[in-house]
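Report on one structure; see the data block that follows.
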Amino acid sequence: MPNLANPTAFLAFVRRVLPWLGAAAAACFALGLWLALFVAPPDYQQGQTAKIMYLHVPAAWMAMFVYAVMAASALGTLVWRHPLADAAQKAAAPLGAGFTFICLVTGSLWGKPMWGTYWVWDARLTSVLVLFILYLGLIALWRAMDEPGRAARAAAILTLVGAVNIPIIKFSVDWWNTLHQPASVFRLGGPAIAPSLLWPLIVMAVAFMLLFAALHLMAIRNEILRRRVARLTMVAATRRDALAPALAAEARP
Amino acid sequence: MNDPHIGFVVAAYAAAALVLIGMVVAVFADYRIQQKALRRLEGRGEEDAR
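Chains A and B, in that order, are what the protein sequence lines are. The number in the numbering used here is simply the position in the first sequence, starting from 1, with 86 added. The number in the numbering used here is simply the position in the second sequence, starting from 1, with 88 added.
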């Protein structure tokens, strides 16, 4: 196992793992979409509309999972000072925002034919919207601060404060009255969903997870390169400053 | 597929595909930008060292 705290070793690890992850994600998406669209039967009440579930549910799981990854990375930044923890956290935020956006849009498109409305301000929908705003806030925070170390610490604190929203999202359907259905896969007593509908859902969830893993590794690699670019830019500027008097003397007639 | 709500299903899959492809393209584009900047700076560093 390479020492992944070392950026050079991490880059080599990404180069080795990425083709396999990408191929596995593509294969799972192909299989999952085939199962979801052509094999899974329509729901006896919802008809073909239930096919939105194969995007909506994995996106919702990923929206929460990515935030949990960010919270763990925030601990890595604040407690263990792991050199790649803040890069992992920063790289995950846009991906989490993307998955949350898919969850909100597909949920809305599922809600209109089933509930008669695109949106209601109930606990589940509102807490997921808060999660989306948290992701956008964190992305904005990183962009607003010039000093990367300070930005990382501020973002880590905000991430940990925002983590309180994750159990609220998960249990909102149990704690409050809501239009949203309660959990039907991860529940005590096992899944309440028929295997013919469950398997395509599981394959799609694995595809989303593999895609996130591949994109997250690539985005962390981008962060490492961005830091190298920033460091080399500073070195080049310092060198030019040091050479400036000599160059000015040379340029004088 | 003669469901009266099939348009919502198509719209959901199209929106998700757009976002997922957008995420992949954004990550690849960022990688190309960083690599190009790195090559330019490393080239300049070698020039300065000469």
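Yeah, the Cβ is synthetic: ideal placement off N, Cα and C, and Gly gets one too.
Item to complete: Anything in the stretch 191–217 of chain A with a Cβ closer than 8 Å to a Cβ of chain B? List those residues in chain order, please.
Response: For the stretch 191–217 of chain A, which is checked against every Cβ of chain B, the residues closer than 8 Å are VAL191, THR192, LEU195, TRP196, LYS198 and PRO199.
Discussion item. Helix, strand or coil, according to DSSP, for GLY182 of chain A in the structure here?
Written reply: Here residue 182 of chain A refers to the residue found at position 96 when the first sequence is read from its first residue. GLY182 of chain A falls in the helix class under three-state DSSP.
Fill in: Partner residues on chain B for ALA305 of chain A, Cβ-Cβ distance less than 8 Å
One-based indexing of the first sequence puts residue 305 of chain A at position 219. Ordered by position in chain B, the residues that pass the 8 Å Cβ test against ALA305 of chain A are VAL115 and ASP118.
Discussion item. Pairs of beta-carbons, one from the stretch 233–252 of chain A and one from the stretch 191–204 of chain A, closer than 8 Å: are there three or more?
Written reply: Contact fails: fewer than three Cβ-Cβ distances are below 8 Å.
Practice prompt. Could you work out which residues of chain A lie near ILE94 of chain B, taking near to mean beta carbons separated by less than 8 Å?
Written response: Counting from one through the second sequence, the residue named residue 94 of chain B turns up at place 6. Those are GLN134, listed as they occur along chain A.
Worksheet entry | Residue nearest to TYR119 of chain B in terms of C-alpha spacing, selected from A:HIS302, A:LEU224, A:LEU170 and A:TYR153 | Taking the first residue of the second sequence as 1, we reach residue 119 of chain B at position 31. TYR119 of chain B has its Cα closest to that of A:HIS302, out of A:HIS302, A:LEU224, A:LEU170 and A:TYR153.
Fill in: CB contact flag (ALA111 of chain B, LEU181 of chain A, <8 Å)
Locating residue 111 of chain B in the second sequence gives position 23, counting from the first residue. Locating residue 181 of chain A in the first sequence gives position 95, counting from the first residue. Checking the displayed sequence, the identity of residue 111 of chain B turns out to be Met instead of Ala. Between MET111 of chain B and LEU181 of chain A, the C-beta gap is smaller than 8 Å, which places the two residues in contact.
Practice prompt. Would you check if the stretch 129–144 of chain A and the stretch 287–294 of chain A touch, i.e. whether three or more CB-CB distances between them fall below 8 Å?
Written response: The stretch 287–294 of chain A and the stretch 129–144 of chain A touch, with no fewer than 3 CB-CB distances between them shorter than 8 Å.
Practice prompt. Could you tell me how far apart the beta carbons of ALA179 of chain A and TRP261 of chain A are, in whole angstroms, since I believe they sit closer than 8 Å?
Written response: For this step, residue 179 of chain A is matched to residue 93 along the first sequence. For this step, residue 261 of chain A is matched to residue 175 along the first sequence. No, ALA179 of chain A and TRP261 of chain A are not in contact; Cβ-Cβ is about 27 Å, not under 8 Å.
Discussion item. In this structure, how does DSSP classify ASP172 of chain A when only helix, strand and coil are distinguished?
Written reply: By one-based count along the first sequence, residue 172 of chain A stands at place 86. In this structure, DSSP gives ASP172 of chain A a helical state, which the three-state scheme calls helix.
Discussion item. Cutting at 6 Å between CB atoms, please list the residues of its own chain near SER159 of chain A, excluding the five before and the five after it.
Written reply: Residue mapping note: residue 159 of chain A aligns to position 73 of the first sequence, counting from 1. Cβ within range, chain order: ALA171, ALA174 and GLN175.
Worksheet item: Excluding the five sequence neighbours on either side, which residues of its own chain have a C-beta within less than 6 Å of the C-beta of MET156 of chain A, listed in chain order?
Response: What you label residue 156 of chain A is simply residue 70 of the first sequence in a count that begins at 1. Once the five neighbours on either side are set aside, the close Cβ partners of MET156 of chain A are GLN175, ALA178 and THR245.
Worksheet item: Does DSSP put GLY129 of chain A in a helix, a strand or coil?
Response: Working through the first sequence from its first residue, we reach residue 129 of chain A at position 43. Checking the displayed sequence, the identity of residue 129 of chain A turns out to be Asp instead of Gly. Looking at ASP129 of chain A - three-state DSSP - the assignment turns out to be strand.
Fill in: Residue range of the unbroken alpha helix (DSSP H) whose run includes ASN251 of chain A
Stepping through the first sequence from its first residue, residue 251 of chain A is reached at position 165. That run of the alpha helix (DSSP H) goes 251–261.
Worksheet item: How would you label PRO286 of chain A, buried or exposed, when you count the other beta carbons within 10 angstroms and need 16 or more for buried?
Response: Against the first sequence, residue 286 of chain A aligns to sequence position 200. Under this definition PRO286 of chain A is a buried residue.
Worksheet item: Between the C-alpha atoms of ALA230 of chain A and TYR221 of chain A, what's the straight-line distance to the nearest angstrom?
Response: The residue labelled residue 230 of chain A in the question sits at position 144 within the first sequence. The residue labelled residue 221 of chain A in the question sits at position 135 within the first sequence. Roughly 14 Å separates the two Cα atoms.
Discussion item. Give me, in chain order, the residues of the same chain whose beta-carbon lies closer than 7 Å to that of LEU224 of chain A; leave out the 5 immediate sequence neighbours on both sides.
Written reply: Here residue 224 of chain A is taken as the residue at index 138 of the first sequence, counted from 1. Excluding residues within five positions, the ones whose Cβ falls inside 7 Å are ALA179, ALA241, LEU244 and THR245.
Practice prompt. Check whether the Cβ of ILE188 of chain A lies closer than 8 Å to any Cβ atom in chain B.
Written response: For this step, residue 188 of chain A is matched to residue 102 along the first sequence. It does; some Cβ of chain B falls within 8 Å.
Worksheet entry | Neighbour flag for THR324 of chain A against chain B, beta carbons, 8 Å | Along the first sequence, read from residue 1 onward, the residue named residue 324 of chain A stands at position 238. With its beta carbon at least 8 Å from every one in chain B, THR324 of chain A lies outside the interface.
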